[in-house]
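*Asks:* Have a look at this one before I ask anything.
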Amino acid sequence: MKVLFSPAKINLGLWILGKRPDGYHNIFTIYHTVDFGDKIYIKKSVKLKVSTSSPLVPEDEENIVFKTLKKFEEWTGIEPNYEVFIEKNIPVGAGLGGGSSNSAVVLKAVNELEGNPLTEQELFNLASTLGADVPFFLKGGFAIGEGIGDKLRFLDKKLNREIFIIYPNIQVSTKKIYELVREDLLTKKDEIPIISNLDSDFEEWLSYIENRLGDIAKEEYPIIKEVLHTLEFLGYKGYISGSGSSVYAFGTADEKLELICKSKGWKLIKTRLK
Numbered sequence: 188m189k190v191l192f193s194p195a196k197i198n199l200g201l202w203i204l205g206k207r208p209d210g211y212h213n214i215f216t217i218y219h220t221v222d223f224g225d226k227i228y229i230k231k232s233v234k235l236k237v238s239t240s241s242p243l244v245p246e247d248e249e250n251i252v253f254k255t256l257k258k259f260e261e262w263t264g265i266e267p268n269y270e271v272f273i274e275k276n277i278p279v280g281a282g283l284g285g286g287s288s289n290s291a292v293v294l295k296a297v298n299e300l301e302g303n304p305l306t307e308q309e310l311f312n313l314a315s316t317l318g319a320d321v322p323f324f325l326k327g328g329f330a331i332g333e334g335i336g337d338k339l340r341f342l343d344k345k346l347n348r349e350i351f352i353i354y355p356n357i358q359v360s361t362k363k364i365y366e367l368v369r370e371d372l373l374t375k376k377d378e379i380p381i382i383s384n385l386d387s388d389f390e391e392w393l394s395y396i397e398n399r400l401g402d403i404a405k406e407e408y409p410i411i412k413e414v415l416h417t418l419e420f421l422g423y424k425g426y427i428s429g430s431g432s433s434v435y436a437f438g439t440a441d442e443k444l445e446l447i448c449k450s451k452g453w454k455l456i457k458t459r460l461k
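Take 188 as the starting number for the sequence shown in the numbering used here and just add one per residue.
Set out below in structure tokens:
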């Protein structure tokens with residue numbers, strides 16, 4: 188049996204550039220994986236089977252890992268007869284990329300177990316058919332994402348910073364948030380200041396982070412705004428990851444914040460960028 192680590196990610200900013208002819212949106216975002224995630228157990232079996240510890244995640248053909256392995260079979264002709272169990276720690280519908288991470292990690296592992304029938308580029312091409320964030324998780328770390336998030340430029344450095352993430356126990360539909368994108372939320376790429384300031388002092392760099400999907404999410408889901416206000420009251424600067432619902436902040440969560448999260452039923456995740 189092989190045990191895999193499937194990391195979560197945060198978005199260090201997300202800007203919407205415009206709508207594409209295929210109905211999706213072109214974006215500019217900055218990804219970074221964190222040292223928190225799911226555990227995946229995988230072993231050879233007589234047939235493909237995917238199961239999970241979470242009742243919120245399907246275990247049939249709708250599961251993204253199941254879809255991933257069937258797609259692997261289409262591309263290689265190799266039957267993916269594996270039993271996969273996903274120990275879920277990453278909240279669902281949180282903007283942390285849990286399903287995409289699971290997909291990429293299993294795809295990469297099965298390709299290796301089968302003798303690497305797909306090249307690195309072919310893996311990225313296949314991953315692009317499974318979801319916008321899936322290609323990023325094949326490598327992880329620190330990267331700029333363009334297109335729908337699948338055109339990637341990986342950065343050599345990593346921001347080895349302590350952070351904490353608050354999940355307010357609600358699932359957000361990314362599809363729904365994108366459907367609510369308005370013209371006034373669009374940005375021209377040359378007007379995104381963070382692009383020309385990637386090498387700035389870290390504190391200055393943080394001041395350039397914006398999230399246009401998050402702007403929509405906090406209006407649609409007032410609890411996200413409540414998390415942001417709570418952090419601000421306690422002296423933290425909160426940022427929304429992806430389309431929400433998770434909010435992250437840099438530094439260490441103090442005891443008062445821990446008590447508030449516990450009383451409100453919010454999940455507090457202490458981790459670091461990795």
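Backbone N, C-alpha and C fix where the C-beta goes; we use that ideal spot for every residue, glycine too. Computed from a prediction, not measured in an experiment: that's the story for all the values here.
What are the start and end residues of the beta strand (DSSP E) that includes Tyr228?
*Replies:* 212-231
*Asks:* Measure the alpha-carbon distance for Thr239 versus Ser383 and round it to whole angstroms.
*Replies:* 42 angstroms
*Asks:* My assumption, with CB atoms under 8 angstroms, is that Tyr354 sits in contact with Pro278. Please give the rounded CB distance.
*Replies:* The Cβ separation is near 4 angstroms, so the contact holds.
*Asks:* For the segment 299-306 and the segment 333-348, state whether three or more C-beta atom pairs, one from each stretch, are separated by less than 8 angstroms.
*Replies:* no
*Asks:* Whole angstroms are fine: how far does the CA of His219 sit from the CA of Asn347?
*Replies:* 10 angstroms
*Asks:* Under a Cβ-count criterion, where at least 16 other Cβ atoms within 10 Å of its own Cβ denotes burial, should Arg399 be classed as buried or exposed?
*Replies:* buried
*Asks:* Here's a check: name, in chain order, each residue in its chain whose Cβ is nearer than 8 angstroms to the Cβ of Ile214, leaving out the five neighbours to either side.
*Replies:* Answer for Ile214: Leu201, Trp202, Ile203, Leu204, Gly332, Glu333, Gly334, Ile335, Gly336, listed in chain order.
*Asks:* Beta-carbon separation of Val321 and Ile227 under 9 angstroms?
*Replies:* no
*Asks:* Between the alpha carbons of Ser241 and Lys275, how many angstroms are there, rounded?
*Replies:* If you draw a straight line from the Cα of Ser241 to the Cα of Lys275, it is about 6 angstroms long.
*Asks:* Where are the beta strand (DSSP E) runs, 3 residues long or more, that stay fully inside the segment 329-375, in chain order?
*Replies:* 329-333, 338-341, 349-354
*Asks:* With 16 as the cutoff for other CB atoms within 10 Å, does Gly425 come out buried or exposed?
*Replies:* buried
*Asks:* Spatial neighbours of Glu309 within its chain, please: C-beta separation below 8 angstroms, excluding the five flanking residues on both sides.
*Replies:* Trp262
*Asks:* Suppose the cutoff is 7 angstroms on Cβ atoms and the five residues either side in sequence are ignored; what does the same chain contact list for Ala314 look like?
*Replies:* Ala291, Leu294, Val321, Pro322, Leu325
*Asks:* If you count every other CB in all the chains shown that lies within 10 Å of the CB of Lys405, and 16 or more means buried, which is it?
*Replies:* buried
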